[in-house]
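Numbering (our numbering), first residue to last: 153 to 665. Note that beta-carbon positions come from the ideal geometry of N, C-alpha and C, so glycine has one too.
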Amino acid sequence: MLSADRRSCIIVAALWPCMALGPAADILRAQTPAAPVATTRTLTLDEALSIAERTSERVAIAHAGVSRADGGQQLARSERLPHLFGSASYDRTLKSEFEGLFDTGTTDPGTDPGSEVDFSNLPFGQANVYRLGLSFTQVLYSGGRIKAQEAQATIRRDSAGLNLNSAQAQNTLDVAEAYYDAALTDWLVSITEATYAQADRSLQVTSEQRLAGRLSEFELLRARVARDSLQPSVVRARNNREVAYLRLKQLLDLPLDQPLALTADLDGPALSPPPRFAASLADAESQTTSPIRLAVAQVGNEAKVADQAIAIARADRKPAISFRSDYGLVDYPDSVPTFIDWRQNWTLGVAVSLPIVDGGRVKANEAIARAGAEEARANLRLAQELDALDRASTRSDLTAARAEWDASGSTIQQAQRAYEIAELRFSEGLSTQLELSDARLQLAQTQVTRAEAARNLQVRRIRFALLPALPLVAASASAVQNASSTVSQTQTRTQTAPAATGAAGAAGASGGR
């Protein structure tokens, strides 16, 4: 057994490194710089849209489509221009069927007797063969094929430009919706937190009445349970806000941990259109005739491309005429070629090709092209119908959103005044908590309606201003979106109103007895 003194020594020896390192660790922690706290960035709608114009992948893809269409125009134009190709080659003969065939000299009948013909420079079986060549080709007549291909390339370039404008408009609308959605979640969080605070105040009043002996323990428990049951609503509202902000940051390519503060005012007495869209919105509302929709123009261009495809298919029935010239130099040296031993080849020619029997290929191509043209024309009629439907529904949505906003203004003022009176009456002991909770519930509902109306009005304004440039894909889903708008608003209220409803239940249970 160890003595007490020896055990003390062992313990001190074991703890001595920790005791020695303790002050040093504190010094190191004091010298270590704290992690920088990210500063909150204030973001306006114009700033968000400017950032999105530079960072949007959708717009970058559309720009790539324009570059591709420019290349297509150059490719179609190159078919009409002359082509000149150069070539160079070297061949080393290892074995040849002509090897040794011309080694014996032969008398040429046209020369003096006794003279011999030299076959060493003939191309047959030479060990080294060097060739240089130029080939020139010019299409003289193609039956209209090149002209139709150039027309197709021009139309596709125009469609690519329209698609770029549509992508920019759709990106603007997406960012604006995400911006106002995030602003709306900010307001909904404030409503739920205010409702929770009201329920907490009701619990405090109930606790004071319980201490005074005017209420039972059962009423106190019900008030506490009613307040605590509102916490999930607050958590849910905060989570929705976090998701909305993440969506906005993703569209803007901002760091996901970057705190943002939005300047959108959804509770102001006057809700003016965003300055960026004010002029275009006024022009769109004052126009009696709607400008052509870019998406409809794109579908019309596809119909024109299909018509040119018919011309290309018909061109296969006509002859194709081209001019060709080939110039070449050839040398058969023993080792390295020199500048004096090259032999020339130069040919000129005109080629004509005309299909005689093709097994029905040309006829089948024409049938395919005509079917494509009919399909494109049907798509154009459908696009025009959807465009008319989308224009009418968008204008109706804007009118309804403006009416909802106007109606919510007087309602929220009345609800705010009613709650102030109810709170004063409750504090003076002239009313019950049920009356106060009902007033608070009505105020919360009107606040939610007001915020949603503000968000919907601003988004409808932006969509109406951008409508001529928006893709037609949204038109087919417009009716479904309109039908589900009421459902989405109801779902938004169900995430906020339960807090006010729970507060009303707690106050009613406390003051009803």
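Going along the chain, which residues of its own chain have a beta-carbon closer than 8 Å to the beta-carbon of residue i, five neighbours each way excluded?
i	result
residue 192	411, 412, 413
residue 316	211, 214, 215, 217, 218
residue 384	none
residue 502	292, 473, 474, 475, 476
Taking the straight line between their C-alpha atoms, what separation do you get for residue i and residue j?
i	j	result
residue 249	residue 278	11 Å
residue 439	residue 388	44 Å
residue 407	residue 326	19 Å
residue 562	residue 582	27 Å
residue 307	residue 204	29 Å
residue 220	residue 298	19 Å
residue 213	residue 405	16 Å
residue 275	residue 227	40 Å
residue 520	residue 532	18 Å
residue 301	residue 478	28 Å
residue 596	residue 339	11 Å
residue 364	residue 341	35 Å
residue 202	residue 323	11 Å
residue 506	residue 465	14 Å
residue 666	residue 311	Outside the shown range of the chain (153 to 665) lies residue 666, about which nothing can therefore be said.
residue 245	residue 281	8 Å
residue 524	residue 390	52 Å
residue 437	residue 552	14 Å
residue 512	residue 467	14 Å
residue 368	residue 362	6 Å
residue 386	residue 403	26 Å
Select from the options the residue whose C-alpha is nearest the C-alpha of residue i.
i	options	result
residue 409	484, 598, 397, 623	397
residue 610	235, 231, 554	554
residue 608	330, 522, 203	330
residue 222	198, 448, 309, 417	309
residue 481	239, 365, 376	239
residue 380	316, 391, 344	344
residue 237	287, 210, 243, 209	287
residue 571	559, 590, 556	590
residue 353	575, 548, 401, 594	575
residue 376	383, 392, 518, 355	355
residue 504	251, 210, 459, 295	295
residue 422	245, 559, 231, 620	559
residue 232	211, 206, 474	474
residue 621	567, 460, 543	543
residue 471	293, 619, 557	293
residue 401	499, 606, 199	199
residue 289	492, 476, 510, 509	476
residue 483	526, 510, 594, 242	242
residue 494	285, 234, 251, 229	285
residue 463	508, 378, 514, 496	514
residue 522	368, 460, 399	460
Counting only the same chain and skipping the five closest in sequence on each side, list residues whose C-beta sits under 7 Å from that of residue i.
i	result
residue 416	197, 331, 332, 335
residue 613	425, 429, 433, 550
residue 313	218
residue 528	454, 455, 458
residue 442	543
residue 321	618, 621, 622
In or out: residue i buried (at least 16 other Cβ within 10 Å) or exposed?
i	result
residue 601	buried
residue 587	buried
residue 565	exposed
residue 604	buried
residue 395	exposed
residue 616	buried
residue 393	buried
residue 486	exposed
residue 358	buried
residue 633	Any reading at residue 633 is ruled out, since the residue's pLDDT is 44, under 50, leaving its predicted position unreliable.
residue 419	exposed
residue 635	Bear in mind that the predicted position of residue 635 carries a pLDDT of just 40, short of 50, making it too unreliable to give a figure here.
Residues in the same chain with beta-carbon distance under 6 Å from residue i, minus the five sequence neighbours each way, listed in chain order, please.
i	result
residue 457	304, 307
residue 447	623, 624
residue 535	448, 451, 624
residue 435	none
residue 177	Model confidence at residue 177 stands at a pLDDT of 41, short of 50, so the residue's coordinates are unreliable; what they give is reported in the following sentence. Result list for residue 177: empty, nothing under 6 Å.
residue 530	none
Note the first and the last residue of the continuous alpha helix (DSSP H) segment covering residue i.
i	result
residue 395	383-404
residue 464	446-467
residue 495	Unbroken run through residue 495 is the beta strand (DSSP E), 495-505; no alpha helix (DSSP H).
residue 334	297-363
residue 197	197-207
residue 132	Past the edges of the chain, shown from 153 to 665, lies residue 132, and the structure says nothing about it.
How far does the beta strand (DSSP E) with residue i in it reach, from first residue to last?
i	result
residue 237	235-244
residue 412	412-414
residue 293	280-293
Hey, is residue i close to the ligand GDP, as in C-beta under 6 Å from one of its heavy atoms?
i	result
residue 191	This structure lacks the ligand GDP, and indeed carries no ligand of any kind.
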